[in-house]
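Undergrad: Take a look at the following structure, please.
Residue numbers (my numbering): 133 to 264.
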(Lines of atoms letter the chains of each structure in order from A and count residues from 1; the text may use other names and numbers.)
(Lines give C-alpha, C1' and ligand atoms only; values in the text may rest on other atoms or scores of the structure.)
Protein backbone atom coordinates (compact mmCIF):
# COMPACT_ATOMS: atom_id res chain seq x y z
CA UNK A 1 0.00 0.00 0.00
CA UNK A 2 2.75 2.42 0.85
CA UNK A 3 4.54 1.79 -2.42
CA UNK A 4 1.39 2.45 -4.45
CA UNK A 5 0.70 5.74 -2.68
CA UNK A 6 4.32 6.85 -3.15
CA UNK A 7 4.10 6.00 -6.84
CA UNK A 8 0.89 8.00 -7.19
CA UNK A 9 2.44 10.95 -5.41
CA UNK A 10 5.49 10.80 -7.69
CA UNK A 11 3.28 10.67 -10.80
CA UNK A 12 1.19 13.56 -9.48
CA UNK A 13 4.40 15.56 -8.96
CA UNK A 14 5.63 14.73 -12.47
CA UNK A 15 2.29 15.75 -13.99
CA UNK A 16 2.35 18.98 -12.04
CA UNK A 17 5.91 19.64 -13.21
CA UNK A 18 4.93 18.94 -16.85
CA UNK A 19 1.89 21.18 -16.48
CA UNK A 20 4.03 24.08 -15.26
CA UNK A 21 6.66 23.59 -17.98
CA UNK A 22 4.12 23.50 -20.82
CA UNK A 23 1.82 26.16 -19.32
CA UNK A 24 -1.04 23.67 -19.53
CA UNK A 25 -4.36 24.49 -17.91
CA UNK A 26 -5.71 20.93 -17.92
CA UNK A 27 -5.67 18.62 -14.92
CA UNK A 28 -6.19 15.26 -16.61
CA UNK A 29 -3.02 13.35 -17.34
CA UNK A 30 -4.04 12.60 -20.95
CA UNK A 31 -4.30 16.28 -21.78
CA UNK A 32 -1.16 17.20 -19.87
CA UNK A 33 0.83 14.67 -21.90
CA UNK A 34 -0.78 15.91 -25.15
CA UNK A 35 0.16 19.48 -24.25
CA UNK A 36 3.72 18.35 -23.52
CA UNK A 37 3.95 16.58 -26.90
CA UNK A 38 2.58 19.67 -28.63
CA UNK A 39 5.14 21.83 -26.84
CA UNK A 40 7.96 19.48 -27.91
CA UNK A 41 6.72 19.58 -31.52
CA UNK A 42 6.64 23.40 -31.51
CA UNK A 43 10.16 23.51 -30.11
CA UNK A 44 11.35 21.18 -32.88
CA UNK A 45 9.79 23.47 -35.48
CA UNK A 46 11.48 26.50 -33.93
CA UNK A 47 14.81 24.67 -33.93
CA UNK A 48 14.42 23.80 -37.63
CA UNK A 49 13.62 27.45 -38.41
CA UNK A 50 16.73 28.62 -36.55
CA UNK A 51 18.87 26.06 -38.41
CA UNK A 52 17.40 27.21 -41.73
CA UNK A 53 18.09 30.85 -40.87
CA UNK A 54 21.66 29.98 -39.89
CA UNK A 55 22.26 28.19 -43.19
CA UNK A 56 20.83 31.23 -45.02
CA UNK A 57 23.24 33.51 -43.15
CA UNK A 58 26.16 31.26 -44.04
CA UNK A 59 25.08 31.30 -47.70
CA UNK A 60 24.74 35.10 -47.65
CA UNK A 61 28.34 35.36 -46.45
CA UNK A 62 29.37 34.44 -50.00
CA UNK A 63 27.36 37.24 -51.59
CA UNK A 64 27.25 40.97 -51.08
CA UNK A 65 24.69 43.69 -51.80
CA UNK A 66 26.08 47.07 -52.82
CA UNK A 67 24.09 50.24 -53.53
CA UNK A 68 25.53 53.30 -55.31
CA UNK A 69 24.22 56.78 -56.10
CA UNK A 70 26.46 58.90 -58.34
CA UNK A 71 26.05 62.00 -60.52
CA UNK A 72 25.36 61.26 -64.18
CA UNK A 73 28.05 61.29 -66.84
CA UNK A 74 30.96 59.22 -68.09
CA UNK A 75 31.29 55.47 -68.34
CA UNK A 76 31.01 54.81 -64.62
CA UNK A 77 28.85 51.74 -64.99
CA UNK A 78 31.33 50.06 -67.31
CA UNK A 79 34.25 50.77 -64.99
CA UNK A 80 32.32 49.42 -61.98
CA UNK A 81 31.50 46.20 -63.84
CA UNK A 82 35.16 45.87 -64.89
CA UNK A 83 36.20 46.17 -61.23
CA UNK A 84 33.78 43.37 -60.33
CA UNK A 85 35.31 41.23 -63.08
CA UNK A 86 38.89 41.97 -61.95
CA UNK A 87 38.02 40.97 -58.37
CA UNK A 88 36.58 37.66 -59.56
CA UNK A 89 32.99 38.54 -58.70
CA UNK A 90 29.90 37.56 -60.64
CA UNK A 91 26.94 39.93 -60.72
CA UNK A 92 23.88 37.77 -60.07
CA UNK A 93 21.32 40.58 -59.95
CA UNK A 94 21.62 44.28 -60.78
CA UNK A 95 19.21 47.20 -60.96
CA UNK A 96 20.36 50.43 -62.62
CA UNK A 97 18.49 53.72 -62.91
CA UNK A 98 19.69 56.88 -64.66
CA UNK A 99 17.08 59.62 -64.05
CA UNK A 100 18.74 62.45 -62.10
CA UNK A 101 21.77 60.48 -60.95
CA UNK A 102 23.21 57.05 -61.60
CA UNK A 103 21.73 54.63 -59.10
CA UNK A 104 22.92 51.04 -59.04
CA UNK A 105 22.04 48.14 -56.78
CA UNK A 106 23.93 44.91 -57.39
CA UNK A 107 24.21 41.51 -55.74
CA UNK A 108 27.61 39.98 -56.42
CA UNK A 109 28.82 36.43 -55.81
CA UNK A 110 32.38 35.25 -55.36
CA UNK A 111 33.43 32.84 -58.10
CA UNK A 112 35.80 31.01 -55.81
CA UNK A 113 34.92 29.65 -52.37
CA UNK A 114 36.14 32.65 -50.39
CA UNK A 115 34.45 35.16 -48.15
CA UNK A 116 33.65 38.61 -49.51
CA UNK A 117 34.92 41.69 -47.73
CA UNK A 118 32.54 44.60 -48.23
CA UNK A 119 35.19 47.20 -47.42
CA UNK A 120 37.56 45.95 -50.12
CA UNK A 121 34.73 45.94 -52.68
CA UNK A 122 33.73 49.49 -51.71
CA UNK A 123 37.34 50.70 -51.98
CA UNK A 124 37.74 49.14 -55.43
CA UNK A 125 34.51 50.77 -56.61
CA UNK A 126 35.55 54.20 -55.35
CA UNK A 127 38.93 53.84 -57.09
CA UNK A 128 37.17 52.93 -60.34
CA UNK A 129 34.90 55.97 -60.04
CA UNK A 130 37.83 58.29 -59.26
CA UNK A 131 39.61 57.08 -62.42
CA UNK A 132 36.78 58.57 -64.49
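All C-beta atoms in this analysis are idealised placements derived from N, C-alpha and C, irrespective of residue type, glycine included.
Rounded C-beta distance between residue 238 and residue 223? I'm assuming under 8 Å.
TA: In the chain shown, counting from the first residue as 1, residue 238 sits at position 106. In the chain shown, counting from the first residue as 1, residue 223 sits at position 91. About 5 Å; that satisfies the 8 Å criterion.
Undergrad: Give me the Cα-Cα distance between residue 181 and residue 154, rounded to the nearest whole angstrom.
TA: As a position in the chain shown, residue 181 is number 49, starting the count at 1. As a position in the chain shown, residue 154 is number 22, starting the count at 1. For residue 181 and residue 154, the distance between alpha carbons rounds to 20 Å.
Undergrad: Going by the beta-carbon positions, is the gap between residue 228 and residue 234 smaller than 9 Å?
TA: In the chain shown, residue 228 corresponds to position 96, counting from 1. In the chain shown, residue 234 corresponds to position 102, counting from 1. It is a contact, given that the beta carbons lie within the stated cut-off.
Undergrad: Assign residue 171 to one of three DSSP states: helix, strand, or coil.
TA: Indexing the chain shown from 1 puts residue 171 at position 39. Of the three classes helix, strand and coil, the one that applies to residue 171 here is helix, per DSSP.
Undergrad: Kindly provide the ranges of any beta strand (DSSP E) runs that are 3 or more residues long and lie completely inside the stretch 230 to 256, ordered along the chain.
TA: Counting only runs of 3 or more, we get 233 to 242.
Undergrad: With distance defined between alpha-carbon atoms, name the residue in 146, 209 and 162 nearest to residue 258.
TA: For the purposes of this step, residue 258 is identified with residue 126 of the chain shown, where counting begins at 1. Among 146, 209 and 162, the Cα nearest to that of residue 258 is on 209.
Undergrad: Between which two residues does the alpha helix (DSSP H) carrying residue 208 extend?
TA: Within the chain shown, residue 208 is the residue found at index 76, counting from 1. Unbroken alpha helix (DSSP H) run through residue 208: 208 to 218.
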